[in-house]
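*Asks:* Please see the structure below; I have some questions.
Residue numbers (the working numbering), protein chains in the order written: chain A, 15 to 260; chain B, 15 to 260.
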């Protein structure tokens with residue numbers, strides 16, 4: 015048996031996230047279908063993370079064991095023959111037997127795109143949050159720096175009823191807010207992310223952009239360990255899993 | 015009666031072009047519906063050009079006469095309440111009574127986007143031609159310069175059976191081929207365009223990128239006045255009406 019790591023990109027607009035669900039199309043289901051066409055079997059595949067409906071991925075990693083002999087470098091083009099147009103395999107390689115796309119992950123980087131233009135842009139519908147009020151990205155960037163380092167991110171997590179007693183400490187390694195024309199992009203790298211963590215951080219940063227809170231309020235919101243002290247959960251369409259580190 | 019000029023942007027992926035057609039959704043039909051919601055009447059609207067199925071517009075102009083008193087600067091947001099997400103009104107202004115979106119047009123600029131990456135990109139599906147062989151954009155740019163100036167573009171036109179005897183002379187004012195990472199963009203400005211002219215020019219430029227013809231062959235292809243001497247018609251998804259000049 016070999017263990018293979020495949021990297022894909024996907025436009026999540028019409029999917030209910032990565033995870034297979036009943037009565038909803040998922041990226042995992044599409045990938046499994048394409049893989050079974052190529053290798054003639056349906057192995058147990060491991061995705062690097064759950065992603066919500068409407069969230070995108072510039073890089074998403076999947077690992078699985080198989081006895082099939084296809085050379086890894088031929089696998090992306092073979093998969094792309096069967097994947098829908100909004101999902102593309104971009105890389106494949108053989109990895110150690112104990113590699114696991116989720117558990118071997120050392121960190122991830124997400125980006126969140128905001129279209130800060132007065133008028134909506136048809137080409138960004140579903141691909142960026144449209145936020146028409148003028149954003150002060152330097153205030154957002156100043157606020158963002160308070161997230162750096164190891165913190166208990168309970169205030170920035172939608173509680174998952176199935177795992178109330180988890181460890182809510184995560185280490186944010188890089189975070190920045192940059193503008194390029196109308197597009198304001200929030201970039202966050204951490205060793206791991208709690209459920210909705212990026213979207214709640216972005217919603218809170220937008221509060222600073224509107225002057226509802228000051229950048230210097232962030233440490234107290236983190237220390238409160240209380241979801242109700244943070245800003246709203248930003249909508250999914252601006253969120254992209256951008257890089258996965260092993 | 016007032017004469018109003020509205021500028022829109024649209025993602026043409028799911029439309030059969032601008033023009034109303036039976037049994038197919040068009041941008042014109044969507045715009046007319048939204049306009050009638052806002053002004054309570056259905057005036058005769060004039061679009062700046064026909065566009066083919068799947069072609070996009072960063073700027074598309076429409077004019078119409080109405081007796082309605084809505085201030086022009088409120089019209090874009092009012093229209094956007096009723097337009098689908100893939101069409102957006104971005105400007106509106108009162109114009110002279112004899113202004114006509116098509117006949118008053120002094121020139122247009124189109125861009126054509128080519129994704130020159132080995133792997134396809136889900137986010138560019140329908141928004142750029144995927145051309146995986148490495149493109150020599152400097153050869154394309156050298157070839158492009160031969161189109162500058164006033165020429166009979168019969169070789170670069172799909173003959174419209176309804177108007178075989180038209181004037182096929184057009185003046186190309188600017189043309190360039192530039193690369194930004196994987197994206198190669200062809201930009202063409204002219205006083206007017208024949209049917210499929212940009213797409214046939216792009217198809218011919220791609221012949222030079224592949225070495226099938228030399229940049230110096232372009233003048234003879236123009237002089238031949240023969241569609242069969244030029245390259246193929248590039249597909250619609252890379253084409254954007256980018257600017258309209260009055």
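The C-beta atom is built at its ideal place from N, Cα and C for all residues, glycine as well.
Step through the CB atoms of chain B and report whether any lies within less than 7 Å of the CB of residue 128 of chain A.
*Replies:* Answer no: the Cβ-Cβ gap between residue 128 of chain A and chain B never drops below 7 Å.
*Asks:* With a threshold of 7 Å between beta carbons, is residue 145 of chain A in contact with chain B?
*Replies:* Output row for residue 145 of chain A: interface = no.
*Asks:* Runs of 3 residues minimum, wholly inside the stretch 80-150 of chain A: which ones carry the beta strand (DSSP E) assignment?
*Replies:* 101-109 and 121-129, all fully within the stretch 80-150 of chain A.
*Asks:* Spell out a yes or no on whether the stretch 95-110 of chain A and the stretch 58-68 of chain A are touching, meaning 3 or more CB-CB pairs, one atom from each, closer than 8 Å.
*Replies:* Contact fails: fewer than three Cβ-Cβ distances are below 8 Å.
*Asks:* In chain order, what residues of the same chain lie with their CB nearer than 8 Å to the CB of residue 166 of chain A, ignoring the 5 residues before and after it?
*Replies:* Excluding residues within five positions, the ones whose Cβ falls inside 8 Å are 182, 183, 236 and 239.
*Asks:* If you draw a straight line from the alpha carbon of residue 230 of chain A to that of residue 86 of chain B, how long is it in whole angstroms?
*Replies:* Cα to Cα, residue 230 of chain A sits roughly 43 Å from residue 86 of chain B.
*Asks:* Say whether the stretch 140-157 of chain B touches the stretch 202-222 of chain B, bearing in mind that this needs 3 or more beta-carbon pairs closer than 8 Å, one atom from each stretch.
*Replies:* Yes, the stretch 140-157 of chain B touches the stretch 202-222 of chain B.
*Asks:* Taking Cβ positions only, does residue 116 of chain B come closer than 7 Å to chain A?
*Replies:* No, no contact with chain A.
*Asks:* With distances taken between CB atoms, is the gap from residue 101 of chain B to residue 53 of chain B smaller than 7 Å?
*Replies:* Their beta carbons are not under 7 Å apart, which means residue 101 of chain B does not touch residue 53 of chain B by this criterion.
*Asks:* Using a C-beta to C-beta distance shorter than 9 Å, which residues of chain A count as neighbours of residue 100 of chain B?
*Replies:* Per Cβ cutoff of 9 Å: 136, 137 and 139.
*Asks:* Identify, in the order they occur along the chain, each residue of the same chain with its Cβ nearer than 6 Å to the Cβ of residue 15 of chain B, setting aside the five sequence neighbours on each side.
*Replies:* Excluding sequence neighbours, residue 15 of chain B sits near 79 and 81.
*Asks:* Taking Cβ positions, are residue 244 of chain B and residue 196 of chain B nearer each other than 7 Å?
*Replies:* Result no, Cβ atoms of residue 244 of chain B and residue 196 of chain B do not sit closer than 7 Å.
*Asks:* Run through the stretch 16-90 of chain B for me and flag every whole alpha helix (DSSP H) of 4 or more residues, listed as ranges in chain order.
*Replies:* Within the stretch 16-90 of chain B, the complete alpha helix (DSSP H) runs of at least 4 residues are 41-53.
*Asks:* Determine whether the beta carbon atoms of residue 211 of chain B and residue 259 of chain B lie at a separation below 7 Å.
*Replies:* Going by C-beta atoms, residue 211 of chain B is not nearer than 7 Å to residue 259 of chain B.
*Asks:* With a Cβ-Cβ cutoff of 7 Å, do residue 264 of chain B and residue 252 of chain B count as a contact?
*Replies:* Chain B is shown only over 15 to 260; residue 264 of chain B falls outside these bounds and no answer can be derived.
*Asks:* How about residue 137 of chain B and residue 25 of chain A: are their beta carbons less than 7 Å apart?
*Replies:* Yes, the Cβ-Cβ distance between residue 137 of chain B and residue 25 of chain A is below 7 Å.
*Asks:* Give a yes or no on whether the minimum CB-CB distance between residue 74 of chain A and chain B is below 7 Å.
*Replies:* Chain B contact via Cβ: absent.
*Asks:* Below 7 Å between beta carbons is the criterion; list the residues of the stretch 23-46 of chain A that meet it against any residue of chain B, in chain order.
*Replies:* Here the close residues are 23, 24 and 25.
*Asks:* Is the beta carbon of residue 48 of chain B sitting closer than 7 Å to the one on residue 120 of chain B?
*Replies:* No.
*Asks:* Roughly how many whole angstroms lie between the Cα atoms of residue 42 of chain A and residue 257 of chain A?
*Replies:* So the two alpha carbons sit approximately 18 Å from each other.
*Asks:* Spatial neighbours of residue 162 of chain B within its chain, please: CB distance less than 7 Å, with the 5 preceding and 5 following residues excluded, ordered by chain position.
*Replies:* Cβ neighbours of residue 162 of chain B beyond the five flanking positions: 186 and 189.
*Asks:* DSSP has residue 240 of chain A in a bridge; who is on the other side?
*Replies:* DSSP, once it has assigned bridges, lists no residue as partnering residue 240 of chain A.
*Asks:* Short of 8 Å in beta carbon distance, which residues of its chain neighbour residue 205 of chain B, apart from the five on each side in sequence? Order them along the chain.
*Replies:* Same-chain partners within the cutoff: 120, 121, 184, 185 and 187.
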